[in-house]
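Reviewing the structure listed below.
Residue numbers (full-length UniProt numbering): 1 to 292.
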């Protein structure tokens, strides 16, 4: 495919094309043993393509929680699904289908061109074409998520504090207490997390209502603030985490920090029905009515 190069350059940084990401997503699933969750697949694709931090940290349009690469990876999975190469479960686990189990590589150019309905906006950017082409929109990029992101970013600080406490309690935390509030609307706090009703851990959390990318320095500062009685740290951001931050959180020999980015924050709100309600919709089969 000969893509318009301007579609793949943002802030003078070259972004992988959809076709490249389609091919590498399939390879990534192969290397993951045939299945994987969104984050696992995205990380493996970045590894396979040797994508540097400056590429991975480019945000999608005005999004504060999704990078351009992850946005395109979401579409890559959808187009592979339309091609019949992969499928996904209700738990957002993607797996290679039986029909493609013995296939080693696929043609990303062909899939991008043929696994969506013809667009009415041929001169529009690729992502706009796909959104207007009748293709099932990936869960990660649906419009309600960006609207909810805006609502969260504009919440009153006290409301955001209560929302975070509610979400943590729904996730199984008890004795949730806010110990510090920051000027940027973020909060620090502690709580307990009981596993299987038997094992309990002292947890410290930091939640940043952030528009951009959280760096490794923020993770190091948070880890350095943990007292000796804290057994686990959780860093929540309504934005996203840089590759360096993710690596720092899982650095060997250091206290491990669990990360929850803006996309997962929103997913959890939806999962527990906090301020979000699922509705049913119907698609009209106009051909049926025309031919009956």
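Using N, Cα and C, we set each Cβ at its ideal position, and we do this for glycine too.
Cα-Cα separation, residue i to residue j
i, j, result
"residue 221", "residue 212", "17 Å"
"residue 242", "residue 175", "31 Å"
"residue 203", "residue 232", "5 Å"
"residue 245", "residue 290", "56 Å"
"residue 149", "residue 266", "8 Å"
"residue 71", "residue 197", "38 Å"
"residue 6", "residue 17", "With a pLDDT of 38 at residue 6, under the threshold of 50, the modelled position of this residue cannot be trusted; read the value that follows with caution. C-alpha separation (whole angstroms): 11 Å."
"residue 199", "residue 254", "22 Å"
"residue 190", "residue 229", "11 Å"
"residue 96", "residue 85", "6 Å"
"residue 76", "residue 179", "42 Å"
"residue 93", "residue 160", "30 Å"
"residue 26", "residue 44", "10 Å"
"residue 109", "residue 224", "47 Å"
"residue 24", "residue 35", "14 Å"
"residue 66", "residue 88", "20 Å"
"residue 14", "residue 48", "16 Å"
"residue 51", "residue 30", "19 Å"
"residue 82", "residue 285", "19 Å"
In DSSP terms, what residue i is bridged to
i, result
"residue 285", "In DSSP, residue 285 forms no bridge with anything."
"residue 107", "Paired residues: none, contrary to the question."
"residue 150", "Beta-bridge pairing links residue 150 to no other residue."
"residue 180", "188"
"residue 94", "36 and 88"
"residue 173", "193"
"residue 199", "195"
Expected contact under 8 Å - CB spacing of residue i and residue j to nearest Å
i, j, result
"residue 165", "residue 238", "Contact flag wrong, Cβ pair sits at about 15 Å."
"residue 234", "residue 258", "5 Å"
"residue 46", "residue 32", "So it is not a contact: roughly 13 Å between Cβ atoms."
"residue 22", "residue 79", "6 Å"
Residue-chain proximity (residue i, chain B), Cβ-Cβ < 8 Å
i, result
"residue 188", "The displayed structure is made up of one protein chain only, and chain B is not part of it."
* **Ordered list of beta strand (DSSP E) runs contained in the region 201-261, each at least 3 residues** => Fully enclosed beta strand (DSSP E) runs of 3 or longer: 232-237 and 257-260.
* Entirely enclosed beta strand (DSSP E) segments - the region 18-76, minimum 3 residues -> The beta strand (DSSP E) runs of length 3 or more contained entirely in the region 18-76 are, from start to end of the chain, 35-37.
* Sufficient close CB pairs (3 or more, under 8 Å) joining the region 98-112 to the region 36-43 -> The region 98-112 is not in contact with the region 36-43.
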